[in-house]
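Chains as they are written, first to last, in full-length UniProt numbering: chain A, 1 to 551; chain B, 1 to 551.
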C-alpha cells in the first residue's frame, strides 16, 4: 500500500485543489462550493446489514471494498462514511476504519480527531449548556433587577425542564445522571443534568442533515434547550447563542476527503449513532460525492431496522436523494449466531439463522429498490454454506447474492459483487418512503413498528402525554427517529432472529426541532455508553519512535 | 495586509517544508525533528506587564509588535504565544490574537480550534476521568470477584479522594461543583466531582513543560488521579490509561506556525492560564524558535508576579533556557488605574499609580536581567505623561523605557523599542532563579511571597497538613506554582497598586506530579470561570457569506 497525497486523490475525481483545505498530507476538507447541482448524477448505493452480533458483520470493510471494487472494474466511485466516535475507539469496539485491504487510511488520523469536527461539535453543543446555566444563575441572582441590569428579557428557565444535556466524546458512564450548579453554595441553581456521548447530540444529527452553512445556522437557532416556567420552549435563538455555536462549526460543515488502501477516494463526515440518532453520514457529503463520481457507496449504521430505515424516512426525506440499490451485508458466522434453536447441527444453525437475513431483505425491499446480499467472506466459510445462503437470499427476494473478499484482496476480491451492483442499479426502480408527512405521529410510529413485526404499540402514560402535546403544538408533520437497541429487530436485545409478533413499548418521546424529527425512545436507550471491564484503551500507547500502537 | 502561504513564512526562517504538516493555507504544525540543538542560539525576550486592569495592557499586541519591529530593523525574529482558550473568547475578554497592525492572523483560526490541540488535551484529560470512574464502578459491581473476572488488580479507589477533575474549554460555572455517578440507581458510585477549564488542566501544564513526546508520555504516567482507601497514589500508569492519553496528544506535541499582519512568523503552543497554572507557552515552541531565529519574543501571562515568576522558577528551571532581557508592558491608562488616592489630579494619578510599575521593574530585576519598560501607546497619551513614566522607570532600575505604537503602525511603530531591546540583550547578563531546588516547601513559598511584599505566610491547618505530607513523601524538591488572583500583587484582588506589607494566606496545596510542581492555592482560586451578564457569544455569528463576525 502506498498512500497518495490527498491532492492526487482529488484529481482522480476532478476535484480542483482550490476547493481543498489540507489537514496534513492525507486529509483535506472540501469546500461546499464544489457541489455542482447539475453534475449531481452519480448513483447512490446504500449498504446495510443483518442484525449485528458483537463480532460485527464487516459492514465498513464491505462498504470500502465495494467502492474499491467499482474502481477496479473501471467505474468512478467514492465511499461516504461517518467519522468514528472516540467512545468505541477507547471502549470495546475499536476504530471504524474498515480493515485489511479495505481500510480508510491513515487509520490513526481517521480514528483520532481527523480534522476536528467531533471536537468542534462537542464544543458548540456545550457552549449552549454553559450559556443556559449562566442565564439561570444570573436571573436567580438579580431577580427583578435582571432586565434592568442586563438589558435582556427574563427567560424564566425551569431548571427541572432542561432538555439539552451536555456531551463528551467518551464512554463516561458516571456522567449519565449528575447534579450540577455549585451545590455547596446555593441550592437554587442546583438541578439534575446529564452528559450524552457526542454522537447522540441533536447537533450531530443537524450537521448530518444540513444542506449548507445557512441551513445549519437556521436549524441550530431552532434547537430547544429547555422550557420556561410556563412550559414554553427556550431555543438557542432565544438565548442568542446560535450564532456563536454556528461559528464554532464553520469548518465542521465541510466533509473530509481521505483515501482507502487502494487509493479510492473516501469522504468522511458527521457521526450520529444509529441506535440513538439517525445513523448516517451527511447530506452534504453525499451531495459532493454524487457530483464527482458515477457511484457513491454509503453505509447506514447497524441493521436495516436501524440506519437504513432512518436513511430513507429521515435523511432521504430531507435531501430528496435516494439510492439506486441496497446491499445487505452479512457473514456466515453472524447468520449462525442468529440461530436460537437448542443444540442445532451446523446446517440447522444456518437455516434457522438465515431467517434474520430474510427479514432484512424483505425490510429493504419495502423501499422499492433492488436488494443485493453481500457475504463478507471468511477463510473457514464452506462452499455449501455459501451456496445455501445464496439460494436462500434469492428465494427471499434478493436480486443477487455474492461474496466480498475485500478484506483479504481489496477491490479485486469484491469485483464480481461490484458488477452485480452496477447491474442492479441499472434497473432504475423508483424508491418510496414508508410513510407520508401527513400521517399523525401514532400512525408513523406504527408504520415503523409494523416493519419490525410488532402488532401493537404500547405507549407509557408519559409517552402518550408528550405525543399529544407535540401533535397539539404542530409537530405531528415531522418524521420519527426510533431509538432502540441494535441487537434485536425488536426493542429487546434478548429477542434474537425474527421477533414477530410482539408488542412494541414506547417509553417516551423527545422533540428534536433543529434536526427536524421526533425521537421515539423504546425503554431505556443508552445515550452514554460505559467503559467495559477490559477497555481497549489499555492496549493503546506510543512506541519508541512516537508511532501509535494498539489502536 | 496580505497573508502569505505558511510555507513562505517557514522559508523566511529556513524551516524546511518537510517539517510542516499544513492545516489550511495559513497554519502548519512543526515536527520536533526540526529542533537543531547546535543551532539553538537565538536570544529570548520575555514580555510581562504591570498588574493588569480589566481594560488590559496590550501585552499580546506588544509582544507581536516587538517581533515585527525586530524584523523591521533587520533582525530575524519569531514570536511565541499560547493558544487562546475558548472560555474568554465567548466570555468577556474576547480573543487573544493581539490587534491592529500587530495581530496573529487568521485571527478566527487562532481563536477557534487552531489545529485542535486544546480539544485533544480536553479529550485526553477526560479519558482518564472516564477510565477512573469506570474502574470504580466495576470494582464496586464485582467486589471480590473483580480480579478474577478482569485479570486486573483492585485499585480500591477512594471515591472521596479523586483529585483529577474533568475539564471543558468553556466558562461553565454550573460544572464547578457537581455530583456524578448515576445517582438514581446506586449511591455507591456517587461522589462529588468538578470540571475545570482546560487551561487549568495539569495536562496543559505538562504539554507546555515537556521536552518531547517520550517526556510527555512519562509525565502523563505520573499524574495522580486519586488516592486509594489507604491514602496511596493512583496514577494514570496504574490505571493503564497513560498510553492512550499520549496517543490522543501525539499531534498536540507539535507547535503551530502562523504569521502576523506583517508576515512575521509566530509559533503558537499550549495554553496554561497564569493564575491557576504556570502561564507560559511551551518549552518545545521556544526550542524550535531559538534554533531558527536570532530573537524569540515570548509572552508570560498577567503581571510579573504571575507568569514571569513562573517562567523562571518553573519553566526555565525545567528547560535550562533563560531570557536575555525582560520587557515590562504598561499603558498610561493602566498606570493611572492603579492609583488608590481619593480625588487625585491627573499627574497625581500617574505618580501614585506608577508605584505599581516600579514594583514590577524591581520584581523583574530580581532575576538578574536587564529590564525595559514598554508603554503601549494610545492616541490620548500626552508628552508629559510619557516623559514622567520614562523618568520614573529609569529611576526605578529599568535600563530603558520606550513607547510601542505597534497597534497603529506595526513593526515600524515599535522599531525604536526593538533597537533598545537588542542593545539590552547584548549585555549578556546571567539570569538567576529565586530559589534552589534544595529549599523546603515553606522556604520556597516564602521566597515567592516575599517578592509580593508579604512579611509572613499564614497556612490553613489543611495546607500545613498537606505540606508536611508532601515533604514526608519526598516532594519537597519540587518548585511551587502559586495560584492566586492576577488583579493584585497580593492574594486579594481588592488590594491595588503595591500591597506590602501584608500576610499571605495559603488555603491548600496540590501535587502536580506529572507537571513537576506543587500548586499552592491562596484562598479560593477560580479554576472554572463563569459567563458574565453580557457574554461575548451574543455578538458572534456567521454572515450571509459564511464569514465569522463579532469575534
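Positions of the beta carbon are idealized from the N, C-alpha and C atoms, including for glycine.
So is residue i buried or exposed if we call it buried at 16+ other beta carbons inside 10 Å?
i	result
residue 432/B	exposed
residue 493/B	exposed
residue 160/A	exposed
residue 349/A	buried
residue 224/A	buried
residue 204/B	buried
residue 91/A	buried
residue 107/A	buried
residue 391/B	exposed
residue 625/B	This structure cannot speak to residue 625/B, because chain B is shown only from 1 to 551.
Got a sec: is the Cβ-Cβ distance from residue i to anything in chain A below 8 Å?
i	result
residue 569/B	Chain B is shown from 1 up to 551; residue 569/B falls before or after that span and cannot be answered.
residue 298/B	no
residue 127/B	yes
residue 517/B	no
residue 250/B	yes
residue 213/B	yes
residue 541/B	yes
Report the neighbours of residue i on chain A: residues whose CB is nearer than 9 Å to its CB, in chain order.
i	result
residue 218/B	The premise fails here: residue 218/B is roughly 11 Å from chain A at the closest Cβ pair, so nothing lies under 9 Å.
residue 19/B	In chain order: nothing, as chain A lies at least about 13 Å away.
So residue i contacts chain A; which residues on that side make the cut at Cβ distance below 7 Å?
i	result
residue 257/B	Under the 7 Å cutoff, chain A gives no residues; its nearest Cβ is about 14 Å from residue 257/B.
residue 538/B	240
residue 138/B	533
residue 86/B	123
What is the DSSP secondary structure of residue i, counted as helix, strand or coil?
i	result
residue 152/A	coil
residue 224/B	strand
residue 295/B	strand
residue 504/B	strand
residue 323/A	coil
residue 461/A	helix
residue 98/B	strand
residue 17/A	helix
residue 166/B	strand
residue 328/A	strand
residue 367/A	coil
residue 439/A	coil
residue 339/A	coil
residue 117/B	helix
Give a yes or no on whether the minimum CB-CB distance between residue i and chain B is below 8 Å.
i	result
residue 243/A	yes
residue 417/A	no
residue 207/A	no
residue 155/A	no
residue 246/A	yes
residue 391/A	no
residue 178/A	yes
residue 225/A	no
residue 123/A	yes
residue 548/A	yes
residue 30/A	no
residue 90/A	yes
With hydrogens ignored, establish whether the beta-carbon of residue i is closer than 7 Å to any heavy atom of the ligand ATP.
i	result
residue 44/B	Of ligands this structure carries none, so the ligand ATP is not represented either.
Can you name the residues of chain B whose CB is closer than 9 Å to the CB of residue i?
i	result
residue 474/A	Residues of chain B passing the Cβ test: none, with the nearest at roughly 27 Å.
residue 173/A	130, 133, 134, 137, 181, 182 and 189
So which residues on chain A does residue i lean against when the C-beta distance must stay under 8 Å?
i	result
residue 149/B	533
residue 530/B	134 and 137
At 7 Å on the CB atoms, spell out the chain B contacts of residue i, in chain order.
i	result
residue 23/A	23
Next on the checklist: For the stretch 262 to 279 of chain B, list every residue whose C-beta sits within 7 Å of some C-beta in chain A, in sequence order.
Outcome noted: none
Item to check | Proximal residues, the stretch 103 to 120 of chain A versus chain B, C-beta separation under 7 Å | outcome: 112, 113, 116, 119 and 120
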